[in-house]
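First up is the structure itself, then whatever we jot down about it.
In the numbering used here, the protein residues as written are 1 to 277.
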């Protein structure tokens, strides 16, 4: 498991492109028959991916890094499948997960195993794990089960539908909040006007992006913005003090996940467009 440290905004102002990507960009989430994990010290979130092709993949890592006897002893886990059909087995119970379906796994679960239904169309399980102080039951949600809403407009190139899976009015968790957003064809902007939420960090993974397309992800303080060029199936860490927005050369989808002081999805501090620099 790779480790990333928290960064102060005054320090980030000095980063060049290489350093910015090294600290916040996660280029590899899905390696055949392996588990990829990145631990960020931003609210101790773990960001990763399980990509079982013709072998099962288990949720396991060097436990010394977490100070526990098994992965979810003091953590909870959110999973969204962005690949082909697959399954997640939690302590012997099998949960089938199709594309864009979510599974929350509560603290205390000891064995988590990922499988694909068809090796020719393998699953891609995107993972977010946050520290937990209370056990909540494992639960599955489809797009139809989620709390969804239409946002934006074609006039502003940001017409999209948002799906909330793990949040205060949906699947219950200790602190993890998770869902996804799908931009409609002809739309490129996400999360603009921008906002920050100083009470929790956030992570994005961009997917369903054509091979020759990119998303220019904006981050940084509102008056000191920087950008990271993102490609399909790549993730980015957003500290609590940073904006997190982007514009693509095509429409796309992205998963957002948060951890911090509360589970209120709407807890954010808007940034006036006139403040951005």
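Yeah, the Cβ is synthetic: ideal placement off N, Cα and C, and Gly gets one too.
Check, Outcome
"Please tell me whether residue 229 has its Cβ less than 8 Å away from any Cβ of chain D.", "Included in the structure is just one protein chain, with no chain D present."
"Going by other Cβ atoms of all chains shown within 10 Å of its Cβ, with 16 needed for buried, is residue 100 buried or exposed?", "buried"
"Run the CB neighbour count on residue 233, radius 10 Å, all protein chains shown included, and call it buried at 16 or more, exposed below.", "buried"
"Confirm, please, whether the CB-CB distance from residue 204 to residue 236 is below 8 Å.", "yes"
"Assess contact between the segment 70-89 and the segment 141-155, defined as three or more Cβ pairs (one per stretch) separated by less than 8 Å. Is contact present?", "no"
"I'd like to confirm the pairing. Which residues does DSSP put opposite residue 190 in its beta bridges?", "246"
"So what does DSSP say about residue 12, is it helix, strand or coil?", "helix"
"Can you round the beta-carbon distance between residue 219 and residue 24 to whole angstroms, since I take them to be within the 8 Å contact cut?", "7 Å"
"Inspect the beta-carbon positions of residue 199 and residue 131 and report whether they are closer than 8 Å.", "no"
"Could you work out which residue in 41, 29, 62 and 35 is closest to residue 8 when comparing CA atoms only?", "41"
"From residue 26 to residue 209, what does the alpha carbon distance come to, in whole angstroms?", "16 Å"
"Which ranges would you report for the beta strand (DSSP E) in the segment 96-148 if only whole runs of at least 3 residues count?", "102-105, 112-116, 125-131 and 139-141"
"Taking buried to mean at least 16 other C-beta atoms within 10 Å of its own C-beta, is residue 153 buried or exposed?", "exposed"
"Using the beta-carbon count (16 or more within 10 Å), is residue 133 buried or exposed?", "exposed"
"Which same chain residues, not among the five before or five after residue 194, have their C-beta less than 6 Å away from its C-beta?", "243, 245 and 271"
"To the nearest angstrom, how far is the alpha carbon of residue 18 from that of residue 93?", "43 Å"
"Could you give the first and the last residue of the continuous beta strand (DSSP E) run that contains residue 207?", "200-207"
"Kindly indicate which residue of 178, 267, 239 and 172 has the alpha-carbon position closest to the one of residue 201.", "239"
"Which one of 67, 189 and 98 has the shortest CA to CA distance from residue 217?", "189"
"Which of helix, strand or coil does DSSP assign to residue 89?", "strand"
"Can you tell me the Cα-Cα spacing of residue 50 and residue 191, whole angstroms?", "27 Å"
"Going along the chain, which residues of its own chain have a beta-carbon closer than 8 Å to the beta-carbon of residue 161, five neighbours each way excluded?", "148, 149, 150, 151, 181, 182 and 184"
"Give the straight-line distance between the Cα atoms of residue 103 and residue 16, rounded to the nearest whole angstrom.", "37 Å"
"Identify the residues that DSSP records as bridge partners of residue 178: which are they?", "166 and 257"
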